[in-house]
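In our numbering, the protein residues as written are 12 to 128.
Don't be surprised by glycine CBs; every beta carbon is placed ideally from N, CA and C.
Inspection log for the structure reproduced underneath, given as structure tokens.
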């Protein structure tokens, strides 16, 4: 039995401090804990940055959608105005008035009209 107690004491002695140095087992355990803490912190920061980036990207897309909707509304309004102007410029009443007043044209006499069948 005394040998078992000696081995147990020796194993316990290896894991405690030996002067100013820690044993190798304790040194590697601390390195492993540091690596795990560093990995967890890095992962947390990466998720936080992704979350911030995705929210920022969503806000920017919202601004872009609002700008494009305003631009579309302006273009629809301009298109409506241009169609109205085209209808006014190509109306038969306006064309007859321009032909008579500005170009000096007159309506043809009946003998000047030829009907093509």
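Evaluate residue i with the Cβ neighbour count: other Cβ atoms within 10 Å of its Cβ, from every protein chain shown; 16 or more gives buried, anything less gives exposed.
i	result
residue 12	Confidence is the limiting factor: at residue 12 the pLDDT is only 48, short of 50, which leaves the residue's position unreliable, though a coordinate-based value still follows. Residue 12 should be labelled exposed.
How would you write the range of the alpha helix (DSSP H) that residue i sits in, first residue to last?
i	result
residue 107	103-112
Below 8 Å CB to CB, which residues in the same chain sit around residue i once its five sequence neighbours on both sides are set aside?
i	result
residue 117	111
residue 91	none
Spatial neighbours of residue i within its chain, please: CB distance less than 6 Å, with the 5 preceding and 5 following residues excluded, ordered by chain position.
i	result
residue 127	none
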